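Trainee: Chains as they are written, first to last, in our numbering: chain A, 1 to 392; chain B, 1 to 416. A virtual CB, placed ideally from N, CA and C, is assigned to each residue, including glycine. None of the values given here were measured: they were computed from a predicted structure. Let me give you the structure first, and then I'll get to my questions.
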């Protein structure tokens with residue numbers, strides 16, 4: 001068994017193929033330098049698709065612009081003098097991104113790409129649209145199996161349904177605000193967010209919509225406009241004159257309609273569904289458990305339920321795919337989803353708009369208990385994306 | 001091996017309890033005839049040094065005290081005995097790798113599936129073992145009805161009584177399980193607790209935790225006695241790791257100490273942990289003379305008052321009546337001793353402009369009823385040092401016996 005000193009060496013990705021994983025599951029066999037070219041094992045797909053990106057102050061050189069579908073690792077090196085970031089776009093959708101790559105540093109960005117045309121954007125100074133390079137992805141492992149295609153279709157249909165259902169709810173919220181009916185608007189606020197919270201990772205992949213619709217005041221940068229649901233929340237619960245936020249409500253309504261129209265073009269893969277489920281639980285862990293998300297309305301548990309239901313839906317559509325690769329993971333996730341739903345159930349209150357009690361009535365001990373079940377689910381859920389990609 | 005350090009039994013007895021060992025009980029330092037084979041190099045400077053995980057007793061007790069601590073208490077959330085066993089088996093597997101300086105899990109930090117989170121979080125990758133030890137114990141609450149263990153609770157695993165002037169915070173006291181991680185690099189210790197916590201997800205969750213630095217005791221007689229945040233030498237008379245006889249008498253639970261279903265604890269020990277806030281600002285405004293009267297030793301050499309050398313023989317009854325060293329001395333406590341592995345801590349401020357600092361007191365003993373409880377009772381009532389102290393967290397655990405090759409932590413308790 002090697003010591004940690006072995007792993008300090010930055011291995012070229014190709015040599016990862018030589019990793020010999022021990023079957024006991026506990027210890028790591030790192031390759032010795034002499035044998036790294038000899039064997040081959042699980043990570044060979046990733047190794048075959050390593051593509052260098054040279055991100056300088058004035059160029060964004062992608063070593064290979066025609067890629068096979070499947071898992072690709074972009075090995076980014078910032079050779080410029082400024083901090084940079086690298087995005088992969090599919091039209092206006094962000095497929096993946098890495099921010100804060102310092103001058104002289106490298107980063108591996110791994111992504112599962114399906115057939116199509118993409119743009120790689122390097123953003124020296126982390127501003128603007130960046131220097132762009134078109135890449136094309138064809139064939140390869142991007143061809144979905146029948147089971148995978150079924151999962152993707154089912155999930156897209158779920159996202160569409162949630163987005164569509166959100167439009168009339170935001171319409172009612174907007175109308176109540178326009179008519180100055182604060183009590184009614186307050187009761188419509190949390191329910192209007194449930195669809196969004198259920199499909200947030202897909203919505204967030206449209207990079208321009210999320211900051212307009214769901215930014216929290218604390219997360220604003222200097223000069224950035226505070227708009228969207230949380231702007232309305234603040235006005236509704238702080239007694240602010242509602243007339244001032246009618247334009248915000250109008251914009252939110254326009255944005256949810258746009259979201260609904262964009263869903264058919266969203267790039268959805270088994271991996272992105274799996275990773276999206278994990279991101280929804282991350283949202284619960286960092287925003288809802290803490291009560292930071294709904295600082296004025298305290299309707300965090302409504303969002304919580306939306307996030308969990310959305311993640312559970314993602315898991316359900318992927319189950320037939322994952323079952324073949326990793327049946328233990330399916331069993332584990334089934335158990336842990338049930339545990340989270342059971343932990344949430346006592347807080348349900350049909351009398352309250354949104355169906356859950358105000359989060360400021362939930363004690364510190366109770367929050368700790370919720371955090372525990374969420375952590376217990378999140379740890380195995382973080383394996384879902386890889387399992388859906390067949391990397392079980 | 002370090003040079004043999006020899007001191008006469010009488011001299012050691014005379015060296016008294018605790019340097020400045022807060023609450024600390026005295027320990028008879030008997031002859032130091034060498035160093036335990038499990039000890040790492042003195043000072044622990046060698047990052048690659050490995051403390052063997054397997055053995056008759058768990059490492060991290062008689063092991064030379066490392067420079068840094070991350071201690072964590074866990075609430076077990078597992079709902080069956082099988083699940084609890086699987087947790088301890090998985091912890092054992094991880095502990096074997098961690099203490100050997102290896103990465104945990106398939107693929108480790110960087111060699112796994114690119115689209116899955118790495119099995120190892122990676123922050124200890126180039127730090128080697130750094131003499132990491134992981135020491136695990138079971139608290140009284142583990143022996144309730146949940147896992148069918150009620151009958152296996154050792155008689156000596158008593159709930160600690162309330163002591164005068166305790167200011168305990170329940171949320172950061174007690175716990176079903178505890179893990180003491182000690183290493184010569186703080187990041188190695190933190191990585192270990194983080195890893196065990198991650199592995200435990202769904203089966204156990206951290207209840208509370210404490211970081212410590214600057215070991216406040218040593219079991220290596222050749223090493224200089226460390227100082228606590230009051231500036232006094234602490235741990236002058238801790239039993240040396242080499243003193244197997246004293247360890248058997250005072251630290252390791254012996255066969256026959258417990259009977260029936262509780263006999264599993266033989267080879268283990270009992271750990272008392274106390275987070276002791278030190279009011280260092282008021283202490284720092286106290287004259288040197290008074291500081292030395294309160295402790296019972298000189299600040300410079302650590303010598304008992306009226307003597308010149310740290311290890312000079314002394315009669316505890318000649319020290320000031322309310323001095324810490326006198327009250328904690330074994331001769332005043334029926335010979336009771338503990339092996340102390342305390343660490344200093346500094347957790348920011350208290351919001352009033354004072355450091356939230358103190359001693360994280362860790363003491364191992366054969367029987368809590370004969371060691372910590374009577375000594376702390378005496379100290380809490382009379383110790384002049386108490387004016388500067390506040391106990392803010394507390395816990396007691398039965399520490400599992402050592403893990404044989406192929407076995408797992410707690411197997412003696414749960415394997416039947």
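So residue 250 of chain A and residue 205 of chain B are in contact, right, with Cβ under 8 Å, and what is the actual spacing, rounded?
Mentor: That belief does not hold up - the Cβ atoms of residue 250 of chain A and residue 205 of chain B are roughly 45 Å apart, past 8 Å.
Trainee: Would you say residue 73 of chain B lies against chain A (beta-carbon separation less than 9 Å)?
Mentor: Residue 73 of chain B does not count as touching chain A.
Trainee: What residues of chain B sit near residue 71 of chain A, judged by a beta carbon separation below 7 Å?
Mentor: Per Cβ cutoff of 7 Å: 114 and 115.
Trainee: Less than 9 Å between the beta carbons of residue 121 of chain A and residue 129 of chain A, yes or no?
Mentor: Closer than 9 Å, so yes.
Trainee: So, is the C-beta of residue 77 of chain B closer than 9 Å to a C-beta in chain A?
Mentor: True, the Cβ-Cβ gap to chain A drops below 9 Å.
Trainee: In chain order, what residues of the same chain have a beta carbon less than 7 Å from the beta carbon of residue 319 of chain B, not counting five sequence neighbours either side?
Mentor: Once the five neighbours on either side are set aside, the close Cβ partners of residue 319 of chain B are 296, 304, 305, 325 and 326.
Trainee: Can you tell me whether DSSP reads residue 408 of chain B as helix, strand or coil?
Mentor: Here residue 408 of chain B sits in coil by DSSP.
Trainee: Please work out which residues of its chain come closer than 7 Å, Cβ to Cβ, to residue 194 of chain B, disregarding the five sequence neighbours upstream and downstream, and give them in chain order.
Mentor: Same-chain partners within the cutoff: 121.
Trainee: Can you tell me the Cβ-Cβ gap for residue 168 of chain B and residue 392 of chain B, rounded? I've got them flagged as a contact below 8 Å.
Mentor: Rounded, the Cβ-Cβ distance is 6 Å, consistent with contact.
Trainee: Here's the rule: buried if 16 or more other CB atoms are within 10 angstroms of the residue's CB, otherwise exposed. What is residue 17 of chain A?
Mentor: Here residue 17 of chain A scores only 33 on pLDDT, less than 50, and its place in the model is too uncertain to base an answer on.
Trainee: Any residues in the segment 204–215 of chain B with a beta carbon nearer than 7 Å to a beta carbon of chain A? Which ones, in chain order?
Mentor: Residues passing the 7 Å Cβ filter: 205.
Trainee: I'd like to know whether the C-beta atoms of residue 266 of chain A and residue 202 of chain A end up nearer to each other than 9 Å.
Mentor: Contact: yes.
Trainee: Between the Cα of residue 73 of chain A and those of A/257, A/88 and A/60, spot the shortest distance and give me the residue it belongs to.
Mentor: Answer by Cα proximity: A/88.
Trainee: For residue 300 of chain B, decide whether its Cβ has a neighbour in chain A, counting only Cβ atoms nearer than 9 Å.
Mentor: Closer than 9 Å: no.
Trainee: I'd like to know whether the C-beta of residue 406 of chain B is nearer than 9 Å to at least one C-beta of chain A.
Mentor: No, residue 406 of chain B does not count as interfacial toward chain A.
Trainee: Which residues does DSSP pair with residue 216 of chain A in a beta bridge?
Mentor: Looking at the DSSP assignment, residue 216 of chain A forms no beta bridge with any residue, so it has no partner.
Trainee: How many whole angstroms separate the CB atoms of residue 386 of chain A and residue 113 of chain B, which I take to be in contact at a CB cut-off of 8 Å?
Mentor: With a Cβ gap of about 5 Å, residue 386 of chain A and residue 113 of chain B count as contacting.
Trainee: Closer than 7 Å, Cβ to any Cβ of chain B: which residues of the segment 364–379 of chain A, in chain order?
Mentor: Answer set for the segment 364–379 of chain A: 372, 375, 376 and 379.
Trainee: Within 10 angstroms of its Cβ, does residue 203 of chain B collect 16 or more other Cβ (buried), or is it exposed?
Mentor: Under this definition residue 203 of chain B is a buried residue.
Trainee: With three or more beta-carbon pairs closer than 8 Å as the criterion, would you say the segment 252–261 of chain A touches the segment 339–346 of chain A?
Mentor: Not touching, per the Cβ criterion.
Trainee: Taking any Cβ of chain A, which residues in the segment 171–196 of chain B have a Cβ under 9 Å from it, in chain order?
Mentor: Within the segment 171–196 of chain B, the qualifying residues are 171.
Trainee: Using 10 angstroms around the beta-carbon of residue 335 of chain A, count the other beta-carbons present and answer buried if the total reaches 16, otherwise exposed.
Mentor: Classification for residue 335 of chain A: exposed.
Trainee: Which residues of chain A have a Cβ atom closer than 9 Å to the Cβ of residue 410 of chain B, listed in chain order?
Mentor: Those within 9 Å of residue 410 of chain B in chain A number zero; the least Cβ separation is about 18 Å.
Trainee: Please go through the segment 235–295 of chain B and give each complete alpha helix (DSSP H) segment of 4 or more residues, from N-terminal end onward.
Mentor: The qualifying runs are 244–250, 280–284 and 288–295.
Trainee: Using beta carbons (cut-off 9 Å, strictly below), is residue 387 of chain A in contact with chain B?
Mentor: Yes, because at least one Cβ of chain B sits closer than 9 Å to the Cβ of residue 387 of chain A.
Trainee: Does residue 112 of chain A come within less than 9 Å of chain B when only Cβ atoms are used?
Mentor: Cβ-Cβ to chain B under 9 Å: yes for residue 112 of chain A.
Trainee: Quick one: does residue 382 of chain A have its CB under 9 Å from some CB of chain B?
Mentor: Yes - at least one Cβ of chain B is within 9 Å of the one on residue 382 of chain A.
Trainee: Report the neighbours of residue 201 of chain B on chain A: residues whose CB is nearer than 7 Å to its CB, in chain order.
Mentor: Chain A residues near residue 201 of chain B: 375, 376 and 379.
Trainee: Relative to the C-alpha of residue 261 of chain B, which residue among B/64, B/143, B/98 and B/249 is closest?
Mentor: Out of B/64, B/143, B/98 and B/249, B/143 has the C-alpha closest to the C-alpha of residue 261 of chain B.
Trainee: Count the other CB atoms, across all protein chains shown, that sit within 10 Å of the CB of residue 307 of chain A; report buried if there are 16 or more and exposed otherwise.
Mentor: The residue in question, residue 307 of chain A, is buried, as its Cβ has 16 or more Cβ neighbours within 10 Å.
Trainee: Is any beta-carbon of chain A found at less than 9 Å from that of residue 198 of chain B?
Mentor: Chain A contact via Cβ: present.
Trainee: Using beta-carbon positions only, say whether residue 132 of chain B and residue 192 of chain B come within less than 9 Å of one another.
Mentor: Their beta carbons are under 9 Å apart, which means residue 132 of chain B touches residue 192 of chain B by this criterion.
Trainee: Would you check if the distance between the CB atom of residue 239 of chain B and the CB atom of residue 337 of chain B is smaller than 9 Å?
Mentor: Closer than 9 Å, so yes.
Trainee: Tell me where the alpha helix (DSSP H) around residue 92 of chain B begins and ends.
Mentor: Element bounds for residue 92 of chain B: 81–99.
Trainee: Taking the alpha carbon of residue 316 of chain B as the reference point, which residue from B/157, B/330, B/340 and B/284 has its own alpha carbon closest?
Mentor: It is B/330 whose Cα lies nearest to the Cα of residue 316 of chain B.
Trainee: What number of angstroms, rounded off, separates the C-alpha of residue 255 of chain B from the C-alpha of residue 266 of chain B?
Mentor: Whole-angstrom Cα-Cα distance: 5 Å.
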